[in-house]
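Visitor:
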Amino acid sequence: MIYWHDLTWEEIKERLREIKAVLLPIGSCEQHGPHLPLGTDTYSVIILSERLAENLKGKVYILPPIWYGISPHHMKFPGTITISPQTLANFVFDIASSLKYHGIQKLVIINGHGGNIPTLTDVLRRIRDELGIEVALVNPWILIGDIIQKVLETDIWGHACEFETSTALVEIPDKIRIDKIRKPTLKIPSVRHIAVWEKNRVITPWNTDEFTDTGSIGDPTKASREKGEILFNAMLERTLEFIKDFIGETEERHES
Ligand SMILES: [Zn+2]
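Just so you know, we're using my numbering here: the sequence shown kicks off at 156 and counts up by one.
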C-alpha cells in the first residue's frame, strides 16, 4: 500500500511514527500537442511518486494527487483547465495544515508543470514559516538538466517535445497517439529575447499559440523510448537521493 487514501485512520495512527514524509504529486490539465493527453503532467508525477514510494516502502506515502495547475497560457487549446495561483496556493497550504494537525513533519511536493513553480515556491515559505513543516518542491526535470542536455538531439524543448514525449513513452505508452506525433511550426517572434524556448529571456505573459501551431514546443518526432528510459531513470534516481537525505534514510542506501 503506497497511497495515503488507501489507508484507514487506524492504520495512519499506527504508522505515524514510521511515516517519514508524504509525497504530494501536482500536475496540470492542459493541452500537450496532438499526441499526448491533457493529464500528461499529472500522470508523470504520479508514476514517479509510485516508484519512489515503492522504493521507500512504509516510510513515505502518496497523497491524493492534484490534477489541475496554473495553465492560462494553454487556454487557446481546447480542453485546458486552469486554476488561479491563489487557488493552488490555498489548496496546498490547506493540505499541509491538515498534515500538521495529524503530526506529519515532512512534505515533498512532486511537481510536473513549470507553470506551477512560482506559486509553489511562495507557498513553501508559508508552510515552513507558519506551520513549521519541513517542505520541499521537486521539479524532476530540473534535477536532470545535465542529462537532458546529453540525451536530447534538439536544443529547443519544453512542452510535448522530444523530452516529454520520450518520458511519456515510458510512463504512459498506451495513452500516446503515435500516429499524431508531428513536428510543429515554431513561430519566431519579431521582438528579440522573448521566445519561450530561449533559456535566458525576457519574461512576458505569453500564450502557447503565439509560438507553435500544434501546441508542442520542441520536436516530438525525435522522441524515443530509449531516451525516455534514461531520462525517467535519472529523475527517479536523483529524486530518490534527495528524499533519502531529506528523511534521514541515506545510510540504508549504503547497506543495500
Ligand atoms: Zn507537460
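In this text, a Cβ means the ideal position worked out from N, Cα and C, and glycines have one as well.
I believe Trp296 touches Ile303 by the beta-carbon criterion, under 8 Å. Please report the beta-carbon distance rounded to the nearest angstrom.
Guide: For the purposes of this step, residue 296 is taken as the residue at position 141 of the sequence shown. For the purposes of this step, residue 303 is taken as the residue at position 148 of the sequence shown. That pair is a contact at about 7 Å.
Visitor: Would Trp164 be called buried (16 or more neighbouring beta carbons within 10 Å of its own) or exposed?
Guide: Sequence index remark: in the sequence shown, residue 164 carries index 9 (1-based). Flag for Trp164 reads exposed.
Visitor: If I measure Cβ to Cβ from Glu317 and keep anything under 7 Å in the same chain, skipping five residues before and after, which residues do I get?
Guide: Within the sequence shown, residue 317 is the residue found at index 162, counting from 1. Hits under 7 Å: Leu307, Glu308, Thr309, Gly373, Asp374, Pro375, Lys377 and Ala378.
Visitor: In whole angstroms, what separates the C-alpha of Lys212 from that of Tyr223?
Guide: On the sequence shown, position 57 is the one that residue 212 refers to. On the sequence shown, position 68 is the one that residue 223 refers to. Whole-angstrom Cα-Cα distance: 27 Å.
Visitor: How far does the alpha helix (DSSP H) with Asn210 in it reach, from first residue to last?
Guide: Locating residue 210 in the sequence shown gives position 55, counting from the first residue. Counting along the chain, the alpha helix (DSSP H) containing Asn210 begins and ends at Thr195 to Asn210.
Visitor: Give the single residue among Ala389, Glu381, Tyr198 and Asp277 whose Cα lies nearest to the Cα of Ser321.
Guide: By 1-based counting over the sequence shown, the position of residue 321 is 166. Selected option, being the one with the closest Cα: Glu381.
Visitor: Report all residues from its chain with a CB closer than 8 Å to the CB of Arg356; omit the five preceding and five following residues, and keep chain order.
Guide: To locate residue 356, count along the sequence shown from 1; it is residue 201. Taken in chain order, the residues that qualify are His348, Ile349 and Ala350.
Visitor: Pull up the distance between the alpha-carbon of Leu207 and that of Arg283, whole angstroms please.
Guide: Start at 1 with the first residue of the sequence shown, and residue 207 comes out as number 52. Start at 1 with the first residue of the sequence shown, and residue 283 comes out as number 128. Their backbone Cα atoms lie some 23 Å apart in a straight line.
Visitor: Flag this pair as touching only if the stretch 358-368 and the stretch 395-402 have three or more C-beta atom pairs under 8 Å; answer yes or no.
Guide: No: the two stretches stay apart, fewer than three of their Cβ pairs being nearer than 8 Å.
Visitor: So, using beta-carbon positions, are Ser183 and Asp196 closer together than 7 Å?
Guide: Residue numbering aside, residue 183 sits at position 28 when the sequence shown is read from its first letter. Residue numbering aside, residue 196 sits at position 41 when the sequence shown is read from its first letter. Yes; because the gap between Cβ atoms is below 7 Å, this pair is in contact.
Visitor: To the nearest angstrom, report how far apart Tyr158 and Ile201 are at their CA atoms.
Guide: Against the sequence shown, residue 158 aligns to sequence position 3. Against the sequence shown, residue 201 aligns to sequence position 46. Approximately 11 Å between the Cα atoms of the pair.
Visitor: Leaving out the 5 sequence neighbours to the left and right, which residues in its chain are closer than 6 Å to Ile167 when beta-carbon positions are compared?
Guide: Taking the first residue of the sequence shown as position 1, residue 167 is located at position 12. There are no such residues.
Visitor: So Glu317 is in the beta strand (DSSP E); what residue range does that whole segment cover?
Guide: For this step, residue 317 is matched to residue 162 along the sequence shown. First-last for Glu317: Glu317 to Glu326, but that is the alpha helix (DSSP H), not the beta strand (DSSP E).
Visitor: Would you report the Cα separation of Ile299 and Ser253, rounded to the nearest angstrom?
Guide: One-based indexing of the sequence shown puts residue 299 at position 144. One-based indexing of the sequence shown puts residue 253 at position 98. C-alpha separation (whole angstroms): 32 Å.
Visitor: Compute the minimum distance between the beta carbon of Thr195 and the heavy atoms of ligand 1, and state whether it is under 6 Å.
Guide: Here residue 195 refers to the residue found at position 40 of the sequence shown. Checking every heavy atom of ligand 1 against the Cβ of Thr195, one is found closer than 6 Å.
Visitor: Counting Cβ pairs, one atom from each stretch, are 3 or more of them under 8 Å apart for the stretch 387-394 and the stretch 336-343?
Guide: No, the stretch 387-394 is not in contact with the stretch 336-343.
Visitor: Is any heavy atom in ligand 1 found nearer than 6 Å to the beta carbon of Glu319?
Guide: The residue labelled residue 319 in the question sits at position 164 within the sequence shown. Because some heavy atom of ligand 1 lies under 6 Å away, the Cβ of Glu319 counts as near it: yes.
Visitor: Measure the beta-carbon distance from Leu324 to Gly383 and round it to whole angstroms, keeping in mind my assumption that it falls under 8 Å.
Guide: Numbered from 1 along the sequence shown, position 169 holds the residue referred to as residue 324. Numbered from 1 along the sequence shown, position 228 holds the residue referred to as residue 383. Their Cβ separation, rounded to whole angstroms, is 4 Å, which keeps Leu324 and Gly383 in contact under 8 Å.
Visitor: Using 10 angstroms around the beta-carbon of Ile343, count the other beta-carbons present and answer buried if the total reaches 16, otherwise exposed.
Guide: Along the sequence shown, read from residue 1 onward, the residue named residue 343 stands at position 188. Classification of Ile343: exposed, given that the 10 Å Cβ count is below 16.
Visitor: Can you give me the C-alpha to C-alpha distance between Ile398 and Ser345, rounded to a whole angstrom?
Guide: For this step, residue 398 is matched to residue 243 along the sequence shown. For this step, residue 345 is matched to residue 190 along the sequence shown. The alpha-carbon atoms of Ile398 and Ser345 are separated by roughly 44 Å.
Visitor: Ignore the nearest five residues each way along the sequence and tell me which others in His187's own chain have a CB closer than 6 Å to its CB.
Guide: Sequence index remark: in the sequence shown, residue 187 carries index 32 (1-based). Answer for His187: Thr195 and Ala315, listed in chain order.
Visitor: Below 6 Å CB to CB, which residues in the same chain sit around Trp312 once its five sequence neighbours on both sides are set aside?
Guide: Taking the sequence shown and counting its residues from 1, the one referred to as residue 312 is at position 157. Closer than 6 Å at the Cβ level, and outside the excluded window around Trp312, lie Phe318 and Gly373.
Visitor: Could you tell me the alpha carbon to alpha carbon distance between Ile181 and Arg280, rounded to whole angstroms?
Guide: The count along the sequence shown starts at 1 and reaches residue 181 at position 26. The count along the sequence shown starts at 1 and reaches residue 280 at position 125. Taking the straight line from one Cα to the other gives about 17 Å.
Visitor: Hey, out of Leu218, His190, Glu209 and Pro192, whose CA is closest to Val177's CA?
Guide: As a position in the sequence shown, residue 177 is number 22, starting the count at 1. If we check each option's Cα against that of Val177, Leu218 comes out closest.
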